[in-house]
Each structure stands twice: as C-alpha cells, then as structure tokens.
Amino acid sequence: MAMALRNIGRRVGLPLCRMRPFSTATCDVENQQSAKSINLYSAINQALHIALETDPRAFVFGEDVSFGGVFRCTTGLADRFGKSRVFNTPLCEQGIVGFGIGLAAMGNRAIAEIQFADYIFPAFDQIVNEAAKFRYRSGNQFNCGGLTIRAPYGAVGHGGHYHSQSPEAFFCHVPGIKVVIPRSPQQAKGLLLSCIRDPNPVVFFEPKWLYRLAVEEVPEHDYMLPLSEAEVIREGTDITLVGWGAQLSIMEQACIDAEKVSDFHFSVLLINDNSEVHN
Amino acid sequence: MAIWRTRSSRTIANHIRKCMNKGFMGGAVVNQSSWSSTLQSCSLSSLSSHRLVPQNCSYLHPLPCNRATLFSLQRFKSSVAERQLDSFFSSDSDDEQSLDFPGGKVTYTTEMNFISESSHKRIPCYRVLDDDGELIIMDSDFQQVSKEVAVKMYSDMVTLQIMDNIFYEAQRQGRISFYMTSAGEEAINIASAAALSEEDIILPQYREPGVLLWRGFTLQEFANQCFGNKADHGKGRQMPIHYGSKEHNFFTISSPIGTQLPQAAGIAYSLKMDNKKACAVSYIGDGGTSEGDFHAGLNFAAVMEAPVIFFCRNNGWAISTHVSEQFRSDGIVVKGQGYGIRSIRVDGNDALAVYSAVSAAREMAINEQRPILVEALTYRIGHHSTSDDSTKYRALDEIDYWKLARNPVNRFRCWVQRNGWWSEQQETELRKSIRKQLLQAIQVAEKTEKPPLTELFSDVYDHLPSNLLEQEKRLRGTISRHPKDYPSDVSV
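Residue numbers (the numbering used here), protein chains in the order written: chain W, 841 to 1119; chain V, 388 to 879.
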C-alpha cells in the first residue's frame, strides 16, 4: 500500500498562526520540518489536534468521539482540549449535522463525525437542504461554512451493505457543499485541515480501509493541501484513469501490471480527483 | 387535596362556562389560571414528596387578595418546575431496595404498573386575560407590561393583520407568487418577540413574521422580499415570506419543516460557550413536532444544556391534517418531559400570557442554561397558504369561532383600551397610516428592478467556481440569442 503513496508531498505548508481566518488559500511553501511515519487515522488525529489548537472556536463532536472514537481518530482530543470542545452527542445523525450547522452559523468551526458513511442518510436533509443552501438562500447574510462532516467510507473486506458503502456520489450532485476524499495519510492531514478552514461546508469521506493499512511519512507541522485540484499520480499518453480515495492504490498497481504484462506498449495517466465540486 | 378539588373544579366550571363553549382541537383543554395550576402542582407534589410541602404551599397565600397586592407578589411562579415526576422516580421509603443504574438509582417495585399513556386530565393552559380581555383577578403570575410596550405590541399586531390582508390581496391579483398569513396567531408573533431581547437569536419556521416586525424590519423590507426585487436581503432567491435578517438576528426561513430545531441547539451551544446573556428561540408548528428533527433538536438541547426556547405554535392544523391525525399525546407540552425539558402550555391568543411565559422561559433558559419548551394553543384562521383552501377540510363555524370569539387582537385591544392606553381615534389613525405605508411599499417594491442575473449563481459557494462561471456565461449567450424568452426586468 505505502509504495503506492511514495511520490506525494507536493505541497507542504508553514505552521499557521492562531485564529486563522476562513480561507481557501493554502500554504504551498516547501518546508523541511520533521516528518514521522504514521498511518491514516493518526494523520487525521494530528489534523484534528492542530485544528483545535489553532482555533479556540473549533469543536469536534459526534457519536463516541470523546473516548477516541470507534476508529481512534479522536484519541486524546477530549483530554487535551476539554469536554466542552470535544464531546459525545446523542445517537442521531440529523441532530449531529443540524447542531453542527447551528454551531458553524455562529462563526465556529464545527467538525462533526458521522460514525460510518453508511449512517449519514438520516442527515441527508440537513446536508442537502440546509448546509448546502444556507448561504445561497440568505443572500450571503448567513453561512455555515465552518462545518466539516467527517465520515469513514468504503469497503474494509467485510461489513457489507451497512458498513462498507461509498455514498459520495449522492453528495457530489449537491451544489453548495464540497466533497473531499483523501488517498493517503499525508493527503488526509493536509486536506482535512483545508476542509476545516474552508469557508464552505465540506463532507470529508475517510477511506477506512486505509486507516491502519496506509503508512507514510507525514510532516508533523500544520500544512494544508488545496481543494478542488486534481493530482496527476502517474504520467501516461494512451489511457486515462481517474479515481479517488482507497481505490487509487489498486489503480496504480493495475497501471504497473498492465504496462508490464501487456503485449502492447502503452502508458496510463492516473489522476487523483481528491476533491470535487459538482453543481 | 380536597380543597384543591373543590376550588379548581369551581374555577374550571366557571371558565368553561364563561370562555370555552368549544374545546380545543382533540378535546377540551381547561383554560386555567396559574392560580389553580400552582395549586394542582402543590397538591400533586405534596403527595409525592414531603420535602416540598412547606415551600409549595406558600402559594396558597395569595388567596384571596386585592389588585394592589397582586403585583407585588412573586412573579413567575411557573418558573419553579413542577415536581410531579418525583412520584415516579423517588422512593417514598428508604427501606426499599434500589438498582444502581447509569443515570441514577432506580427503586424496585413488586407492582407491575404500566405508566399510563396519558394523564387523567389534559395539561391546563396558562392564561392571564379572559376572552373579553379582562385581567383574571386571581392571577398574579404574570409579567407586567408598560404602557409603551403594550401600545407597541398592539400596534404591531394590527400592522401584522393589515400587512397580511394587503399582501394576500396582492397575491390574489397576481402581483406576488405566494403568501402565508399569520391570522389568528398575531399574539404569539408579537408577544413572544416582545418578551425577548434583540440579542436572542431567532430560528423561525414561517408563520412568525411578527417577530421581525417587532424588531424593526420595515414594511418596505417585507415587500421587497415578497416581490423578490434587488433590494431583498435574500437577493430574490426564495419564495415570498422567506424572510431573513442578519441585522435583526433572524435566521433566513427555510421551507423544510423542523430543520431549524437541531440548528437552534448548535446556536445556543455557541452562545453558551461565549457566555452570552442570550438564548436561541426556535419556532415550530404542531405538524413539525412529528419530524425527526424535533426529536433531534430537543434531545440535543437537553443533553448539551443549551439555552434554547422551543416555541410550538399548536394551531390545530398542519395544512389539512388535524392534530388527532398528527399525534396521540396531549399536544406538545407533555413531550418536553420525555426529553428532560421544562415545559409550559400557554393560551396563544392571550398576548399577556404569551409575553409572561416567554419572559420566564427566557430567564430560565439563560440563567439556568437549559432548554425550555413552550406550547401555545392557538388557531390558524387563514388558509395554510395562498395555495390552500381550508374550507375543504374544516368547518366554517370552527374558523368563525376562533376568528370572532377568540380573536387575539381584539382581546388584547380590550385590555389596552381598558387601561386607558388606546382610543378609537388612535385605532382609526393607525389602520389608515399602516394601510397607506403598505400600499406605498408595494408600489416601490414592484417598481424596483429584479436582482441581476449574476445573483443566480453567486453565494452557492463563497467564490464562484469555474463550472458555475461557465454556466453563467452560457446562460448569457442563450439570453442574447433569445431575448424575448427572458424577463425584461432582469439585468443581464
């Protein structure tokens, strides 16, 4: 897995000052600070630590996040930042997102966790009819741009139809929200920080297959990766493959194998469409 | 107990005879002053808990009393939460064995008792004025209103009435596409707004334009929204009546029902974190309480200890669905306890009662950092909207009864006039002046240009993404090729 993730690290940013304003701007200055080899859930955890550290108006909440979350992404946050900023919510997805919209509408960064993407559907109305239209319907008087909804998605080798769904297509058809899916630990950290600080509501799907499996060097400092920009993972001239999330490592392996075994000589262009704005 | 029964039954009988020829939707609700309601609470709690007897029985003292002493008595007795629940959850005897369970000790019992699906009697409805606008003498439990506030309240109620009439007519003439009146719910609109502070954040449903009116949203601003012109704060994007005003802490109305409730919990949590002396106030109708978001909002607010007032306008009808087809509970007020939320039922057609209940609710929500549920019993006199004809599903008699016998504006006028604060002449002048202002506002709104084409695409995101930019460009191209197919009053 990790071998498919070697040539990342295009954009590494400077540490950010406290109270960073909402902005889509990213830091793209090369920075040679220390990096450690960590897995994807730890990278998410680092991003959440940084998000809470750099903005006193940031909150992390959802089902079971207080003790660290069922996937351990929120480990240590409640101890460090207190129970008023990192807290469990009742088991109610529409409540979590609705509450997050309200919190975000007051100028906070609301980082909501939906335990599995499979359970995001009760919140569909809040996401599609409320979060996505909040700015537009008010003529830009109000917005809930500080809202980021994190949800683990995709197959893990078991789980079937209630623990392995990939519902991103539903959300990609909704104007007003951004949908972002990382493919590696380093991307996960940089993209999640960008999502949290983006002035638009974002649904951030985390490939749970990669939570422990994907390991790579992730800079320890605060950095952001740009949203709404595709990344060319592999140059080629004959076939174009576009993918996102956990699928990319499989696709890259397929490219290598195809080029190796084929009687024909061709190359494959592999594009990572990690964040999508569809209207 | 016996005393309570005698007195309350006399009061009930008296009120029923005097005021309630007809029961509220789904059964007769006793229109009871808090005099008898506190007596009831006293008797119930004294049955269940000896500790409470001395404290609660002090409420008996106000009887009988004269008008002067009335006002000096402790107000907001209703803010002392009733303790009926104690009878279920606390042990009468220390000897009984109990189960140490998460959330607190639970006593064991050998009696197999199912909790009843409803109480013997419906929850009484707090009121201050009778149907003739006369102060119910025995009742001291209300918030005093100054002349200045009372006159503004009445004037705004009248303004709301006239605005509804004129905009409704404008829709009928095809000048605006849609409208919804607040007829019958003027007291709820204005009195609840009057009891709040301007820092309190409103999350409306759609039948509360009076809150905005109270806060100073001008008739011109209302007209601009309904006509969707370029002066509309919402940039002409929403159907008429979907008002919103950042300046007035009034979140923009969204059509989906109940979605604002969990949002109110989040907003209130933010106020709590900022140590603000303010609360969130979210309105909803009786139908909206069936939505999942109602459950989500109340439960979240209770667990987060968020300062929110959930104000339910129970007007008996959700479009054509009668409350008996909506729920089997005693209305909405009883739902609060299920969430651990303090609740009150109030006569929504009694402006003073609404004002007092919301003042007390606000005080509790902020000082104690907790949500409060207010159920106001009222009636939607008008059709659901201009797309509805309510005579197809309800009796004209019923509408007339609420329009005439239980009219909230007339009732409040009687009280204001009885105080010598209002005259027939002021009435005529006010109505004339508001009517004139409204007609003028409509004319101006109608003449004002529609928002430019670019506003169709902006504000979807903070910045226009390339695909929307592309769509906008293509639309301009299409319009320039087929100008006759597009409205001429939209600047391209």
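All C-beta atoms in this analysis are idealised placements derived from N, C-alpha and C, irrespective of residue type, glycine included. From a predicted model like this one, the values you see are computed outputs, not experimental measurements.
With a cutoff of 8 Å on beta-carbon distance, Ile731/V and Val695/V are scored as not near each other.
When DSSP states are grouped into helix, strand and coil, Phe638/V belongs to the coil group. Legend: CB atoms of the segment 633-645 of chain V lying less than 7 Å from CB atoms of chain W belong to residues Lys633, Phe638, Thr639, Ser641 and Pro643. Counted as a single uninterrupted DSSP element, the beta strand (DSSP E) harbouring Val695/V occupies residues Val695 to Asn701. Using a Cβ-Cβ cut-off of 8 Å, Tyr1063/W does not count as an interface residue toward chain V, since no Cβ of chain V sits closer than that to its own. Taking the Cα positions, Leu1032/W is about 21 Å away from Val847/V. Spatial neighbours of Leu892/W in its own chain (CB-CB distance under 6 Å, excluding positions within 5 residues in sequence) are listed in chain order as Ala898 and Phe921. Assigned with DSSP and collapsed to three states, Cys932/W falls in coil, not helix or strand.
Chain-ordered listing is empty here: chain W has no CB closer than 8 Å to the CB of Ser875/V, the nearest sitting near 23 Å.
Under the criterion of beta carbons closer than 8 Å, Asp518/V and Ala792/V qualify as touching, at roughly 7 Å.
In the three-state DSSP reduction, Val710/V falls in the helix class (H, G or I). Listed by position along chain W, the residues whose Cβ is nearer than 8 Å to that of Ala652/V are Gly935, Gly938, Phe939 and Gly942. Within chain V, the residues placing a beta-carbon under 9 Å from that of Thr929/W are Phe687, Val690 and Met691, ordered along the chain. For a Cβ distance threshold of 7 Å, residue set Gly979 of chain W lies close to Lys622/V, ordered along the chain. Nearest to Ser642/V by alpha-carbon distance, out of Ile654/V, Ile671/V, Asp619/V and Glu634/V, is Ile671/V.
Against chain V, the beta carbon of Gln873/W has no neighbour under 8 Å; the closest one sits roughly 30 Å away. When secondary structure is reduced to three states using DSSP, Phe614/V falls in the helix class.
By the neighbour-count criterion, in which a residue is buried when 16 or more other Cβ atoms sit within 10 angstroms of its Cβ, Ala1070/W is exposed. Residue-level contact by beta carbon holds for Phe982/W and chain V, with a gap shorter than 8 Å.
Think of a sphere of 7 Å around the beta carbon of Ala683/V: the chain W residues whose beta carbon falls inside it are Cys932, Gln934, Gly935 and Gly938, in chain order. Looking only at Ala705/V, Gly735/V, Phe687/V and Asn754/V, the smallest Cα-Cα distance to Gly725/V is reached by Phe687/V. Membership of Ile1073/W in the beta strand (DSSP E) is indicated by the continuous run Glu1071 to Arg1074. Sorting Gln1026/W, Tyr1051/W, Ile1090/W and Gln1005/W by C-alpha distance to the C-alpha of Tyr959/W places Gln1005/W at the top. Note on geometry: alpha-carbon atoms of Ile706/V and Thr815/V lie some 34 Å from one another. In the structure shown, Lys622/V falls within a coil segment according to DSSP collapsed to helix, strand and coil. Taking a C-beta distance under 8 Å as the contact criterion, Val1020/W and Val1042/W qualify as a contact pair. The C-beta distance from Thr915/W to Val926/W rounds to 11 Å, too long to fall under 8 Å, and the pair is not in contact. For the segment 985-1010 of chain W, residues whose beta-carbon sits nearer than 8 Å to a beta-carbon of chain V comprise Gly985. Residue pairing by DSSP places Val1108/W opposite Ile1079/W in a beta bridge.
Listed as beta-bridge partners of Thr494/V by DSSP are Ser485/V. Interface with chain W (8 Å Cβ-Cβ cutoff): Asp680/V is included. Spanning the alpha carbons of Ser743/V and Ala582/V requires a straight line of approximately 7 Å. Here Ile878/W carries a strand assignment [DSSP, helix/strand/coil]. Straight through space, the alpha carbons of Arg800/V and Gly703/V are spaced by roughly 24 Å.
Here Asp619/V is buried: its Cβ has 16 or more other Cβ atoms, across all protein chains shown, within 10 Å. Using a Cβ-Cβ distance cut-off of 8 Å, the segment 935-944 of chain W and the segment 639-654 of chain V are in contact, since at least three pairs of beta carbons, one from each stretch, lie closer than that value.
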